[in-house]
Amino acid sequence: MTGTGGAAATPAATPAGMPRPAELLTTLGLPPGDLRDLPDSPGRFPDGARYRVEIPSVEGPACLAAVLAEARTLGVPVTRVSQGTGVGLLTGAELRDMAALAAEAGVEVSLFARPCAGWDASAMARSPAGMVLAPTARGQDQVAAVLDEILRAAEYGFRSVLIADLGVLSVFGRLRSAGHLPPDMQAKVSVMLPAANPESARILADLGADSLNLPTDLTLGQIAAIRAAVDIPLDVYVEAPDNLGGFVRHYELPTLVQVAAPVHIKFGLRNAPDVYPAGTHLEATTVALSRERVRRARLGLDLLARHRPDARGSVPRGEGAELRVPVPTASPS
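For the sequence shown, this note's numbering gives the first residue as 364, with consecutive numbering after it.
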């Protein structure tokens with residue numbers, strides 16, 4: 364949906380003879396500005412749903428088991444979970460357990476493909492002005508290390524990885540096209556690789572992104588403008604962790620689903636510790652946080668049902684949903 368519609372008109376000129384920026388943008392198939400009129404998005408998931416529920420920061424099999432149990436108890440149709448610690452900090456047994464649990468439940472799992480500069484010996488990534496470097500793959504050896512994690516995820520049957528580096532995304536897209544990765548392997552762009560405007564979103568989609576995690580502080584009009592430029596699903600935090608702004612925007616859910624469909628609505632958690640990288644030393648905390656995120660999702664869905672009862676969401680194993688559910692494999696070497 365390059366959503367300005369129709370043939371591009373000749374740009375109007377300013378009094379000085381220069382075309383206006385808004386008209387120039389429309390000649391490129393981009394919105395002229397933020398879409399403050401909040402148009403309905405015609406986009407849908409393959410099953411016709413407007414939205415899907417994603418629970419982030421599900422760091423291992425114990426957290427996934429807790430999410431699935433809480434989702435059954437509260438009736439929350441979780442269709443995707445994502446993880447932030449990375450493929451490389453999960454053992455083979457943990458990867459097998461996560462793949463088996465998710466496959467049985469019919470749920471997607473997106474594992475983070477790390478390492479990154481922020482976890483490396485980068486001085487710039489630790490400096491006030493240089494923190495923008497932190498999520499990136501620093502040097503070609505680190506690109507190879509991130510690719511190794513992507514290949515390992517695929518080997519264990521996972522069909523979705525989180526990517527936070529522009530070069531890694533490009534490599535992923537090219538290798539998938541060349542048949543070196545499963546054709547149904549999904550690139551979920553991390554919130555740490557920000558698509559803050561329509562053209563940035565379009566570039567990431569062109570490089571192979573299958574869904575885009577948007578910055579947590581975008582307005583509904585800004586989100587609508589990005590939706591007008593790309594067709595792929597958007598991932599939007601309804602509640603964001605403190606280190607990503609700490610916003611609790613449940614009240615915007617009805618309009619968010621209207622303007623951003625197809626959209627993964629993500630329930631992070633404010634007032635929660637930063638647990639990355641997680642491990643067994645933090646398991647009691649990460650399991651408790653996982654359960655609470657599902658509870659937050661129930662609250663959000665109840666609000667959505669009150670104000671937008673016509674908005675349909677996907678369910679695990681739903682007909683035509685085409686979820687990228689793990690395909691458990693025999694023990695990889």
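Virtual Cβ for every residue (Gly too), placed ideally from N, Cα, C. Predicted, not measured: the structure shown is a model, and the values here were computed from it.
Note on GLN549: 16 or more other CB atoms within 10 angstroms of its CB, so buried under the neighbour-count rule. For GLU518, DSSP records no beta bridge to any residue. Counting of Cβ neighbours within 10 angstroms places THR582 among the exposed residues, the total staying below 16. As a beta-bridge residue in DSSP terms, VAL599 pairs with ILE628.
Judged by DSSP in its simplified three-state form, PHE610 adopts coil rather than helix or strand. GLY396 and GLN585 have their C-alpha atoms some 8 Å from each other. Of the candidates VAL495, ARG659 and GLY681, the residue whose Cα lies closest to the Cα of TYR614 is ARG659.
The Cβ atoms of ASP483 and GLU682 lie no closer than 8 Å to each other. Contact annotation: ARG522 and ASP504 have beta-carbon atoms that are not nearer than 8 Å. A Cβ-Cβ separation of about 7 Å places VAL657 in contact with VAL441 under the 8 Å criterion.
By the criterion of a C-beta distance shorter than 7 Å, GLU655 is surrounded in its chain by LEU632, once the five residues flanking it on both sides are discounted. DSSP places ARG383 outside both helix and strand once states are collapsed to three, so it counts as coil. With 16 or more other Cβ atoms inside 10 Å of its own Cβ, ALA684 counts as buried. For ALA635, the closest C-alpha among the options PRO625, VAL611 and LEU391 is that of VAL611.
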